[in-house]
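Residues 1 to 386 in UniProt numbering are what the sequence shown lists, from first letter to last.
In this text, a Cβ means the ideal position worked out from N, Cα and C, and glycines have one as well.
Report on the following structure.
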Amino acid sequence: MKETAQFALGSDVNDTVITVPFDFGEKQKKVLGEAAKGAGLNVLRLIHEPSAALLAYGIGQDSPSGKSNVLVFKLGGTSLSVTVIEVNSGLYRVLSTTTDDSIGGTCFTEALAQHLASEFRRCYRNDVSGNPRAMMKLMNSAEVAKHSLSTLGTANCFVDSLYDGMDFDCNVSRARFELICSALFVKCIEAIKKLLEQVGLGMDDISKVVLCGGSARIPKLQHLIRELFPNVDLLNSIPPDEVIPIGAALEAGILLGREQVFSDDDMLSVECSGKDILVKALDQSGTDKFLVLFPSGTPLPARRQHTLEAPGKISSVCLELYESLEKGPVKENDRFAQIVLQNLDIKEGLHHILTILTMKRDGSLHVTCTDQDTGKSEAVTVEVAS
C-alpha cells in the first residue's frame, strides 16, 4: 500500500487519509486502519468516499452559507453506489445511499467480451464462450477497447491465437458498444431514480451531480445523466477515477494545517503532451511508416495500446519511438527511445508484440512490450518524453 502511494507520487509518504465506502462498518474500518499502520502509514482520518468526492470540487467549502442537495454517482469496477448529501453551512449530511454490487465496470467489459465471442463464432463457426482461456483473452481485449471508446469513436480488438491457432481481429464502434450495454445504462439510471424516490426528492431538488469511479467516464452514461438532470451542474472536469483520491488529499492538507494543498496552476490547468509521439512500423510494401500514438495536445495522463507485427523468422524485435513538432516527414534524429525484445521463438507467420504506453502528467512515458506467444516482456521509462 505504501509503496504504491510512493511510486504514484514520486516521494515519501508517511501521513495519509484513507477513503472507505459509506456502508463500511466499524470492524472493517478498524481492520483497514491496522493494515495501513502495519504498512508504516500514519492514518490521519478515515472518510467516506462521497464526502471525499464533494471535497475534491470544494462543494460547501468556498461558499459555506446556504443549503443544497448534491448527488454523488460512483460507478467503480465491481459496484455502483449513489448517494444524496445535504450540504448546509459547510457541513455534509448523508440523506440516503444505495449500493448495487450486481453492476460495475466489469459488467460492461463482460458484455463487450460476449459480443466479441459471438462475432468470433459468426466468423469462424467456433464457440469459445465455454473456453476460460479464450474468454480471458477476450476480456483483456474488451477492457482496453472499453477505455478507448471513452475518447474514440471506434476501437480495435485484436487477439493473437484466440482459439486453435486462429487470430481474431474486430473493430467495435462506440454506437455498437452503447447498444450492447444499453440494459446496463438503464440499470444505472434506474438506481438514481429509485434513490431519489426513497428520499422524497425530485430532479429539480438536486443542485449538483458529482461523477466518480473509472466507469463514469463512459460518454453515453454521462449523456443519460445530463438528460435526467438538464438544469443541474454535472461535475466531471476532474477525471472520475481521481475525484475521490483528490478529495482525500485535500482533507489531508486540511488536517496537516496546509491552507492550499494544490497550487492554483495545478487546480486550473490540464497538462498536455507538447509533441506528437509516434511509433515506427512497416506497411505492406515494407516501407517505413509512422503511426501517431499521442498527438500533441493530448490531455495527460493518457494510455495507449499498439500491436507491433514482425516476421516470425527473426528472433528479436525492436520498437522505436519518435517525437515530432512538425507536420513534415519524421527524421531519424527524432527518435528518443527504443526497446529490443530478444530471444523470441522462431515460427511461421508473424510475431505479435503488444505494447502498452502510459504517459503521466509530468511527461514521463512508461512503455511495456510483451510477446503474445511466449509472454516475454521488456519495459522502459523515459523521464521526459513530451
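Pairwise C-alpha distance: residue j and residue i
| i | j | result |
| --- | --- | --- |
| glycine 38 | valine 13 | 14 Å |
| leucine 278 | phenylalanine 336 | 10 Å |
| serine 263 | leucine 250 | In this prediction, serine 263 has a pLDDT of 45, which is less than 50 and means its spatial position is unreliable; what the coordinates show is noted afterwards. Cα to Cα, the separation comes out at about 12 Å. |
| glycine 349 | lysine 313 | 8 Å |
| valine 159 | cysteine 188 | 30 Å |
| methionine 1 | arginine 125 | 46 Å |
| glutamate 86 | phenylalanine 177 | 35 Å |
| proline 132 | leucine 32 | 33 Å |
| leucine 162 | lysine 137 | 7 Å |
| aspartate 127 | alanine 113 | 13 Å |
| leucine 91 | alanine 56 | 15 Å |
| valine 72 | phenylalanine 185 | 17 Å |
| cysteine 369 | alanine 281 | 14 Å |
| proline 219 | histidine 366 | 27 Å |
| serine 102 | lysine 347 | 44 Å |
| aspartate 266 | aspartate 362 | Low confidence applies here, because aspartate 266 scores a pLDDT of 42, under 50, leaving its location unreliable; read the following figure in that light. C-alpha separation (whole angstroms): 12 Å. |
| leucine 256 | leucine 41 | 15 Å |
| proline 301 | glycine 25 | 34 Å |
| asparagine 156 | lysine 27 | 45 Å |
| alanine 134 | leucine 116 | 11 Å |
| lysine 67 | glutamate 242 | 26 Å |
| valine 43 | glutamate 34 | 9 Å |
| serine 141 | arginine 93 | 41 Å |
| glutamate 320 | glutamine 372 | 19 Å |
| aspartate 15 | aspartate 334 | 43 Å |
| alanine 8 | proline 245 | 12 Å |
| aspartate 288 | proline 230 | 50 Å |
| serine 11 | arginine 45 | 21 Å |
| leucine 224 | valine 144 | 23 Å |
| valine 261 | isoleucine 238 | Note on valine 261: pLDDT 47, under 50, position unreliable in the model; no value is reported. |
| leucine 152 | histidine 306 | 15 Å |
| glycine 104 | glycine 253 | 31 Å |
| alanine 175 | serine 150 | 11 Å |
| leucine 54 | cysteine 123 | 48 Å |
| asparagine 69 | serine 364 | 40 Å |
| alanine 5 | glutamate 332 | 38 Å |
Cut-off 6 Å between Cβ atoms - residues of its own chain near residue i, not counting five sequence neighbours on either side
| i | result |
| --- | --- |
| proline 240 | Leu211, Cys212, Gly213, Ala216, Arg217 |
| arginine 226 | Leu234 |
| alanine 248 | Val17, Thr19, Ala52 |
| alanine 111 | Ile180, Cys181 |
| residue 389 | Residue 389 is absent from the structure shown; the chain starts at 1 and stops at 386. |
| glutamate 378 | Ile339, Leu341, Cys369 |
| glycine 60 | Val87, Gly90 |
| glutamate 259 | Confidence is the limiting factor: at glutamate 259 the pLDDT is only 49, short of 50, which leaves the residue's position unreliable, though a coordinate-based value still follows. Cβ neighbours of glutamate 259 beyond the five flanking positions: none. |
| serine 129 | Ala117 |
| serine 173 | Thr154 |
| threonine 358 | Arg303, His366 |
| lysine 376 | none |
| arginine 121 | Asp127 |
Contact set for residue i: own chain, Cβ-Cβ below 7 Å, skip 5 residues either direction
| i | result |
| --- | --- |
| valine 317 | Leu308, Ala310, Leu341, Leu344, His351, Ile353 |
| glutamate 119 | Cys170 |
| valine 380 | Ala337, Ile339, Val367 |
| valine 330 | Leu278, Phe290, Tyr322, Ser324 |
| threonine 106 | Gly77, Thr78 |
| valine 232 | Ile206, Ser207, Lys208, Val209 |
| leucine 228 | Ile189, Ile192, Met203 |
| glutamate 3 | none |
| proline 295 | Asp276 |
| alanine 36 | Met1, Thr16, Ile18, Val43 |
Those residues which DSSP pairs with residue i across a bridge
| i | result |
| --- | --- |
| residue 393 | Since the first and last residues shown for the chain are 1 and 386, residue 393 lies out of range. |
| glutamine 305 | Ile356 |
| asparagine 171 | Asn156 |
| histidine 48 | Val20 |
| proline 311 | Leu350 |
| isoleucine 277 | Phe294, Glu323 |
| leucine 71 | Val84, Val209 |
| alanine 379 | Thr368 |
| lysine 289 | Ala281 |
| asparagine 42 | Asp15 |
| serine 96 | Val84 |
| aspartate 373 | Bridge partners of aspartate 373: none, in fact. |
| aspartate 334 | Note: aspartate 334 sits in no beta bridge, so no partner. |
| aspartate 233 | Lys208 |
| leucine 91 | Asn88 |
Sequence-distant residues of the same chain with beta carbon closer than 8 Å to residue i, five excluded per side
| i | result |
| --- | --- |
| methionine 139 | Thr109, Glu110, Ala113 |
| leucine 221 | Leu75, Phe185, Cys188, Ser215 |
| threonine 374 | Leu344, Asp345 |
| leucine 268 | Confidence in leucine 268 is poor, its pLDDT being 36 and thus under 50, which makes the residue's placement too unreliable to answer from. |
| serine 96 | Thr83, Val84, Leu195, Gln198, Val199 |
Cβ separation of residue i and residue j, assumed to be a contact under 8 Å, to the nearest whole Å
| i | j | result |
| --- | --- | --- |
| leucine 293 | arginine 303 | Not confirmed; about 10 Å, so no contact. |
Does the region 43 to 57 come close enough to the region 14 to 23 to have 3 or more Cβ pairs within less than 8 Å?
yes
contact_flag[the region 157 to 169, the region 196 to 211] where n(CB pairs < 8 Å) is 3 or more:
no
Below 8 Å, can you find three or more Cβ-Cβ pairs linking the region 191 to 201 to the region 65 to 81?
yes
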